[in-house]
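**Student:**
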Ligand SMILES: Nc1ncnc2c1ncn2[C@@H]1O[C@H](COP(=O)(O)OP(=O)(O)OP(=O)(O)O)[C@@H](O)[C@H]1O
Ligand SMILES: Nc1ncnc2c1ncn2[C@@H]1O[C@H](COP(=O)(O)OP(=O)(O)O)[C@@H](O)[C@H]1O
Ligand code: SF4
Ligand code: SF4
Ligand SMILES: [Mg+2]
Ligand SMILES: [Mg+2]
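Protein chains in written order, with the working numbering: chain E, 2 to 338; chain S, -5 to 330.
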């Protein structure tokens, strides 16, 4: 871990013991995050994005089992901490923003009470200071008449306002790391743009490190510096956001980009790229490449043996049996197929 | 709007209000879900209907399907007023595909029964014919014959949405009304369903109404777009004109909010402020004025008339022919 790194995840695996066998929700995931950086984690439903986040926050469901050779945050090894030490960090040095704000807002308490509690739990500050900080942050996230909002209950706010309150709450202790799990998926596009604009501004101002979890490649392109593409519990490709969109290496990343229509580029009414088949079951013995059943380059080797990781320079890499020389240049998004 | 011979669906001044009580002791209030929508759909067109949550898209869809009566206004399908249609015959002509493939399929029926239901209801063909038709349909939407005896919970989200498409198409309707058909799906599955819709449009000569909050999808699919705001269509145009030259400030904000999958840009604020539209307490004048960055004094007083624009119209004082004068008058009042 370099001194400037905020978070280092080494060989993280999250499993669920089920009667049918072991379910591998997160499978040998490693990445580091430099301070102030925004990492996007992108992938389809069920590929392990949220469980990765929950593992970092130590909020995994009871049944989940975690293994890792390292989960280092600000130089501190998280796996060595007990629950009370961990809850000192959670909501304090690292905070989370969820897709549905009501999962973290309590309907029985006012916005003000919950915002203040977020800091009173961790810091020895006076109530009046906590209130002042709540007001300051509500204004920061663009909420007008903040004083009267403090007295309101979550259900009295629109979805967009609630998500702003969530962001304010996450910021109460000025965390170093924010994990946003599909923060705008439930919102209208205009509100999404407002919230993402706000988040990026605040991140720059407070120099926070952000993990942005999303299935939306438009969100990834516009808010992240670096991207990890997940598939069936594994990271199959990482790179700077520009590299990933210009020259995706992994067949899955390429196909994913081909699936989405790009206004102005994709010819109207033309067939879009698609990925045949579906994500394989994550239960039991998962040897071989997990994308094999949907990949047009699949060979016997892919079916039988785990693909190797190709590291290209310091920022890029992908998990596949194909060598960089075997991969033809990506023809670009929206180019007719 | 001119070639009436090919007008397949026509809405004129369609209104739907709901009477809602907002608390135990409170009086019922009127909620304006759709307030005066007119639209003329020609055979073969694909209309994209966009607008934020709660603006009335689904209410409009339910009225077109004949599942919800309009409070006032007129809907005609193939030049016959909706109330003159028997629901049975109407449903042969217009079929829906809804967002949630989980809740829209009966969990206790097999896929064969679900897709074949319309054939049984309309007593089309013998039992064997029906079975054959259903199997052909399943194949057309790319499902394996095994699906015939499966139950919805044994299928993935994408497969369930294929079932929904098969069920919609089995009666060979002329209009298919898709309400967020791919919103619950992953992009790799979304593209499969969109390809299916593209395919059938040509093969079966269909007319689509496509409700979606994904503007990239609408841009890809639609020949025409109608933008709704608080129960009204505030702008409509052919897709190229709308994307090249969005005129209504709300349309512009909407397009500005689209995040293209192209790195290097930053998310810009669409400048809509924090006001949130309340359908119980509609703003006076132009209903968009509390959020409009270009609002003028007149906007708070008078609702704008529709001004024709290339391929459609726009409802905004910035474009109304007579408003230059009004604007000045109102402005002077404001200053005084
Ligand atoms: N409590 C649990 N018990 C058993 N399996 C679980 C549990 N929680 C998650 N899983 C499984 O772990 C895998 C990863 O789940 P996760 O929620 O991280 O996916 P995700 O990528 O965030 O999906 P989505 O986008 O749908 O939220 C999935 O196969 C899921 O079914
Ligand atoms: N059955 C109903 N009773 C009361 N209000 C309704 C009903 N159906 C819809 N509405 C209201 O009508 C408005 C438009 O709803 P809807 O058409 O469902 O919006 P959209 O589909 O665009 O999200 C909303 O404010 C909604 O709450
Ligand atoms: S390892 Fe083989 S199957 Fe897997 S992505 Fe690479 S080429 Fe395709
Ligand atoms: S009429 Fe006025 S308030 Fe309404 S959209 Fe046009 S400029 Fe904005
Ligand atoms: Mg998730
Ligand atoms: Mg709806």
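Where a beta carbon is used, it is the ideal one built from N, C-alpha and C, also for glycine. As the structure is a computational prediction, the values presented were derived from the model and not from experiment.
(1) The alpha helix (DSSP H) with residue 171 of chain E in it runs from where to where?
(2) At a CB distance below 7 Å, what residues from the stretch 256 to 269 of chain S approach chain E? Give them in sequence order.
(3) Leaving aside the five residues before and after residue 5 of chain S along the sequence, list all residues of the same chain whose C-beta is less than 6 Å from its C-beta, in chain order.
(4) For residue 333 of chain S and chain E, any beta-carbon pair shorter than 8 Å?
(5) According to DSSP, what are the bridge partners of residue 250 of chain E?
(6) Got a sec: is the Cβ-Cβ distance from residue 201 of chain S to anything in chain E below 8 Å?
(7) For residue 154 of chain E, does the three-state DSSP call read helix, strand or coil?
(8) Ignoring anything shorter than 3 residues or poking outside the stretch 225 to 310 of chain S, list the beta strand (DSSP E) runs there in chain order.
(9) Between residue 237 of chain E and residue 37 of chain S, what straight-line distance do the alpha-carbon atoms span, to the nearest angstrom?
(10) Would you say the stretch 164 to 180 of chain S touches the stretch 103 to 122 of chain S, given that touching needs at least three Cβ pairs under 8 Å?
(11) Kindly say whether residue 214 of chain E, judged by its beta-carbon, lies nearer than 8 Å to any beta-carbon of chain S.
(12) Any idea which residues DSSP pairs residue 24 of chain E with across the strands?
(13) I want to check one thing, is the minimum distance from the CB of residue 230 of chain S to the heavy atoms of ligand 7 below 7 Å?
(14) Identify every run of the alpha helix (DSSP H) within the stretch 258 to 336 of chain E, keeping only runs that are complete inside it and at least 4 residues long; order them along the chain.
(15) Establish whether the CB of residue 338 of chain E and some CB of chain S are separated by less than 8 Å.
(16) What are the boundary residues of the beta strand (DSSP E) that includes residue 22 of chain S?
(17) Using a C-beta to C-beta distance shorter than 8 Å, which residues of chain E count as neighbours of residue 116 of chain S?
(18) Are the beta-carbon atoms belonging to residue 173 of chain E and residue 235 of chain E less than 8 Å from one another?
(19) Could you pull out every unbroken beta strand (DSSP E) segment of at least 3 residues lying fully inside the stretch 100 to 188 of chain S, listed in chain order?
(20) Would you say residue 242 of chain E reaches chain S, if we count a Cβ-Cβ gap shorter than 8 Å as a contact?
(21) Does DSSP put residue 110 of chain E in a helix, in a strand, or in coil?
(22) Taking beta-carbon pairs under 7 Å, can you tell me which members of the stretch 263 to 295 of chain E lie near chain S?
(23) Just the C-alpha distance for residue 207 of chain E and residue 38 of chain E, rounded to the nearest angstrom, thanks.
(24) Going by beta carbon distance, what residues of the same chain come within less than 8 Å of residue 35 of chain E, once the five residues before and after it are set aside?
(25) Going along the chain, which unbroken runs of the alpha helix (DSSP H) with 4 or more residues stay wholly within the stretch 17 to 104 of chain E?
(26) What would DSSP say about residue 12 of chain E, mapped onto helix, strand or coil?
(27) Using the DSSP secondary-structure output, state which residues sit across from residue 218 of chain S in a beta bridge.
(28) Just to confirm, is the Cβ distance from residue 148 of chain S to residue 187 of chain S under 8 Å?
(29) So, at 6 Å on beta carbons, what are the nonlocal neighbours of residue 296 of chain S in its own chain, with the 5 sequence-adjacent residues on each side left out?
(30) Apply the 10 Å Cβ neighbour rule to residue 253 of chain E and answer buried if 16 or more other Cβ atoms are within range, or exposed otherwise.
(31) Against chain E, does residue 211 of chain S count as a neighbour if the rule is that its beta carbon must be under 8 Å from one of theirs?
(32) For the stretch 33 to 60 of chain S, which residues have a CB atom closer than 7 Å to at least one CB atom of chain E, in sequence order?
(33) Whose C-beta lies closer than 7 Å to the C-beta of residue 126 of chain E among residues of the same chain, with five residues either side of it excluded?
(34) Beta carbon of residue 116 of chain E, beta carbon of residue 170 of chain E: below 8 Å?
(35) To the nearest angstrom, report how far apart residue 59 of chain S and residue 27 of chain S are at their CA atoms.
(36) Looking at C-alpha atoms only, which residue of S/104, S/208, S/122, S/120 is the closest neighbour of residue 145 of chain S?
**Tutor:** With the given structure in hand:
(1) Counted from its first residue, the first chain places residue 171 of chain E at position 170. From DSSP, the alpha helix (DSSP H) with residue 171 of chain E extends over 160 to 172.
(2) Answer in chain order: 256, 257, 258, 259, 260, 261, 262, 263, 264, 266, 268.
(3) Start at 1 with the first residue of the second chain, and residue 5 of chain S comes out as number 11. So the list reads 31, 32, 33, 69, once near-sequence residues are dropped.
(4) Residue 333 of chain S lies beyond the residue range present for chain S, which begins at -5 and ends at 330; the question has no answer from this structure.
(5) In the first chain, residue 250 of chain E corresponds to position 249, counting from 1. According to DSSP, residue 250 of chain E bridges with nothing at all.
(6) As a first step, residue 201 of chain S must be located in the second chain, where it is residue number 207. Chain E, which has no Cβ nearer than 8 Å to the Cβ of residue 201 of chain S, makes this no.
(7) Here residue 154 of chain E corresponds to residue number 153 of the first chain, with the count starting at 1. Coil at residue 154 of chain E, not helix or strand.
(8) 226 to 232, 300 to 303, 306 to 309
(9) Looking up residue 237 of chain E in the first chain gives position 236. Looking up residue 37 of chain S in the second chain gives position 43. Spanning the two alpha carbons is a distance of roughly 46 Å.
(10) yes
(11) For the purposes of this step, residue 214 of chain E is taken as residue 213 along the first chain, with counting starting at 1. Closer than 8 Å: no.
(12) Within the first chain, residue 24 of chain E is the residue found at index 23, counting from 1. Per DSSP, E/17, E/284.
(13) Ligand 7 is absent from the structure shown, which contains only ligand 1, ligand 2, ligand 3, ligand 4, ligand 5 and ligand 6.
(14) 301 to 305
(15) Here the question's residue 338 of chain E lines up with position 337 in the first chain. Residue confidence is low: residue 338 of chain E scores 48 on pLDDT, short of 50, so the model does not pin down where it sits. No coordinate-derived value is stated.
(16) As a first step, residue 22 of chain S is located in the second chain; it is residue number 28 there, counting from the start. 22 to 36 is the span of the beta strand (DSSP E), which, as asked, contains residue 22 of chain S.
(17) In the second chain, counting from the first residue as 1, residue 116 of chain S sits at position 122. Correct list: empty, because the minimum Cβ distance to chain E is about 31 Å.
(18) Indexing the first chain from 1 puts residue 173 of chain E at position 172. Indexing the first chain from 1 puts residue 235 of chain E at position 234. In this structure, residue 235 of chain E does not lie closer than 8 Å to residue 173 of chain E by Cβ.
(19) 169 to 173
(20) Position 241 of the first chain, counted from the first residue, corresponds to residue 242 of chain E. Yes, residue 242 of chain E counts as interfacial toward chain S.
(21) Numbered from its first residue, the first chain carries residue 110 of chain E at position 109. The answer is coil: DSSP assigns residue 110 of chain E none of H, G, I, E or B.
(22) 263, 264, 267, 269, 270, 272, 273, 274, 275, 276, 279
(23) Counting from one through the first chain, the residue named residue 207 of chain E turns up at place 206. Counting from one through the first chain, the residue named residue 38 of chain E turns up at place 37. Approximately 12 Å, taken between the alpha carbons.
(24) Counting from one through the first chain, the residue named residue 35 of chain E turns up at place 34. If we look at residue 35 of chain E and ignore the five residues flanking it on each side, its Cβ neighbours are 3, 5, 6, 7, 210.
(25) 50 to 58, 84 to 90
(26) To locate residue 12 of chain E, count along the first chain from 1; it is residue 11. In this structure, residue 12 of chain E counts as strand in the three-state DSSP scheme.
(27) By one-based count along the second chain, residue 218 of chain S stands at place 224. DSSP output for residue 218 of chain S lists S/41, S/232 as bridge partner(s).
(28) Numbered from its first residue, the second chain carries residue 148 of chain S at position 154. Numbered from its first residue, the second chain carries residue 187 of chain S at position 193. No, the Cβ-Cβ distance between residue 148 of chain S and residue 187 of chain S is not below 8 Å.
(29) Working through the second chain from its first residue, we reach residue 296 of chain S at position 302. Contacts found: 279.
(30) Counting from 1 along the first chain, the entry for residue 253 of chain E is found at position 252. Per the 10 Å Cβ criterion, buried.
(31) Locating residue 211 of chain S in the second chain gives position 217, where the first residue counts as 1. By this cut-off, residue 211 of chain S is an interface position.
(32) 46, 47
(33) Here residue 126 of chain E refers to the residue found at position 125 of the first chain. Closer than 7 Å at the Cβ level, and outside the excluded window around residue 126 of chain E, lie 120.
(34) In the first chain, the residue the question calls residue 116 of chain E occupies position 115. In the first chain, the residue the question calls residue 170 of chain E occupies position 169. Yes, Cβ-Cβ distance for residue 116 of chain E and residue 170 of chain E is below 8 Å.
(35) In the second chain, residue 59 of chain S corresponds to position 65, counting from 1. In the second chain, residue 27 of chain S corresponds to position 33, counting from 1. Straight-line Cα distance between these residues: approximately 16 Å.
(36) In the second chain, residue 145 of chain S corresponds to position 151, counting from 1. Ranking S/104, S/208, S/122, S/120 by Cα distance to residue 145 of chain S puts S/104 first.
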